[in-house]
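J.: One structure, as structure tokens, below. Some questions next.
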Amino acid sequence: MKHFAVVQHSYSEFLGIVESQLEKRDIGFSYFRVFLSGELPGNALTFDALFLLGGPMSPLETEKHPWLEQEIKTIAMFRKNRRPVVGFGLGALLLAQYEGAEVQLEPYHNAYFTTAHATEAGKDDPLAQAVDGAKVMVWSPGTAILPQGVEPLVVDDEGRWIAFRPEDGAVGLLFRPEMKPGLIEDILMEEDRETPENVGELLEQCRQLWPEMQKTTDRVIVALVRELALMTEKRKPPVFALKVDTGSDV
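Quick look at the structure:
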């Protein structure tokens, strides 16, 4: 059975509607709630892919959240072992940082609805074509300037990148395919959680666009499965049975 490692950065932000998409494809997943315990996957070879979820903190806030530096090492471990890596929001910024992007703290609450536009680099890309022309919700703690040589697959109405693929097997999305109205409501209820000033507007738009957002998420997951070969189970270390010494006569 295929099994994904999923790094969670806050109580409220989880796989959301992506969970059912994975379950329908017989894909299991384990959450690593790094914000609580600092725990991250210790071995990439025991998983088929790594998902890095959204979160309220910037990748630059390593003094407050020291596990962010270790998360970059986790990305490196999965990439070295040729395991796909997918980042949403904060996860996309961490992946961009790993690739050499210049992460920026502002706007700290980078959250808005926009129309997705496939770029020239994304004209033959399944993911870019899956969202081209669709309304998507961007939500990330800051932004990043992609490194030279890495072209965005998808941009927003202002021409700013919202999806990139630095190399085969890795994709970062500033737009959030897992988002749903209930998830935003949970974020609002989270204790001591700073939220964008326009969060009420985002919630209302999400409710209005919800039927179309579900269809977009369906297309995104199909594209990611195709592009990253997520349905292909990776070779994992064998599990050896222990032979118990029964103390029989020699």
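Position 207 of the sequence shown, counted from 1, bears residue number 207 in full-length UniProt numbering, the numbering being contiguous throughout.
Idealized CB from N, CA, C, for every residue including glycine.
Since this is a predicted model, take the numbers as computed values, not measurements.
With distances taken Cα to Cα, identify the nearest neighbour of residue 77 among 196, 45, 206.
T.: Residue 77 has its Cα closest to that of 45, out of 196, 45, 206.
J.: Could you spell out where the beta strand (DSSP E) holding residue 112 opens and where it closes?
T.: From DSSP, the beta strand (DSSP E) with residue 112 extends over 110-115.
J.: Residues in the same chain with beta-carbon distance under 6 Å from residue 249, minus the five sequence neighbours each way, listed in chain order, please.
T.: With a pLDDT of only 49 at residue 249, under the threshold of 50, the placement of this residue in the model should not be trusted; the figure read from the coordinates follows. For residue 249, where only same-chain residues beyond five positions count, there are no Cβ hits under 6 Å.
J.: Beta-carbon within less than 8 Å of residue 162's beta-carbon, same chain only, minus the 5 sequence neighbours each way: which residues are those?
T.: Answer for residue 162: 114, 116, 136, 138, 152, 154, 155, 156, 173, 174, 175, listed in chain order.
J.: Figure out for me which residue from 144, 149, 91, 14 has the closest Cα to the Cα of residue 178.
T.: The residue with the shortest Cα to Cα distance from residue 178 is 14.
J.: When we look at the beta-carbon of residue 71 and count the other beta-carbons within 10 Å, is it buried (16 or more) or exposed?
T.: Its Cβ being crowded by 16 or more others within 10 Å, residue 71 is buried.
J.: Which one of 235, 166, 33, 142 has the shortest CA to CA distance from residue 122?
T.: Answer by Cα proximity: 166.
J.: With a threshold of 7 Å on Cβ separation, who are the neighbours of residue 194 within its own chain once the five nearest residues in sequence on each side are excluded?
T.: So the list reads 56, once near-sequence residues are dropped.
J.: Counting only runs of 4+ residues fully inside the segment 73-145, write out the alpha helix (DSSP H) ranges in chain order.
T.: List check, alpha helix (DSSP H) in window: 90-98, 126-131.
J.: Ignore the nearest five residues each way along the sequence and tell me which others in residue 97's own chain have a CB closer than 6 Å to its CB.
T.: Contacts found: 59, 103.
J.: With residue 17 as the anchor, note down where its alpha helix (DSSP H) starts and where it stops.
T.: Looking at the DSSP string, residue 17 is not in any alpha helix (DSSP H), and its letter there is neither H nor E.
J.: Between which residues of its own chain and residue 216 is the CB-CB distance below 8 Å, once the five residues before and five after are set aside?
T.: So the list reads 130, 131, 134, 135, 136, 177, once near-sequence residues are dropped.
J.: Take residue 199 and list the residues in its own chain whose beta-carbon comes closer than 8 Å to its own, dropping the five residues that flank it on each side.
T.: 111, 184, 187, 188, listed in sequence order.
J.: Three or more beta-carbon pairs under 8 Å between the segment 21-33 and the segment 200-213, yes or no?
T.: No, the segment 21-33 does not touch the segment 200-213.
J.: How big is the Cα-Cα spacing for residue 5 and residue 93?
T.: Their Cα atoms are separated by approximately 18 Å.
J.: Let me know the secondary structure DSSP gives residue 49 once reduced to three states.
T.: In the structure shown, residue 49 sits in a strand (DSSP, three-state: E or B).
J.: Using the Cα positions of residue 169 and residue 82, report the straight-line distance between them to the nearest angstrom.
T.: The alpha-carbon atoms of residue 169 and residue 82 are separated by roughly 7 Å.
J.: If we count the other Cβ atoms within 10 Å of its Cβ and call it buried at 16 or more, is residue 233 buried or exposed?
T.: Exposed, since its Cβ has fewer than 16 Cβ neighbours within 10 Å.
J.: In whole angstroms, what separates the C-alpha of residue 108 from that of residue 236?
T.: For residue 108 and residue 236, the distance between alpha carbons rounds to 39 Å.
J.: Please work out which residues of its chain come closer than 7 Å, Cβ to Cβ, to residue 244, disregarding the five sequence neighbours upstream and downstream, and give them in chain order.
T.: In this predicted model, residue 244 has a pLDDT of only 49, less than 50, meaning its place in the structure is not dependable; the value taken from the coordinates is given anyway. Excluding sequence neighbours, residue 244 sits near nothing in its chain.
J.: Just the Cα atoms here: how many angstroms apart are residue 197 and residue 221?
T.: Roughly 30 Å separates the two Cα atoms.
J.: Given a cut-off of 7 Å, decide if residue 100 and residue 141 are closer than it, judged by their beta-carbon atoms.
T.: Not in contact: residue 141 and residue 100 (Cβ atoms no closer than 7 Å).
J.: Thinking C-alpha only, which one of 37, 230, 39, 11 is nearest residue 192?
T.: It is 11.
J.: Return helix, strand or coil for residue 150, following the three-state DSSP convention.
T.: Residue state, collapsed to three classes: coil.
J.: Where does residue 225 fall in DSSP's three states?
T.: Helix at residue 225.
J.: Rounded to whole angstroms, what's the CA-CA distance from residue 228 to residue 181? Just pull it up for me.
T.: So the alpha carbons of these two residues sit roughly 28 Å apart.
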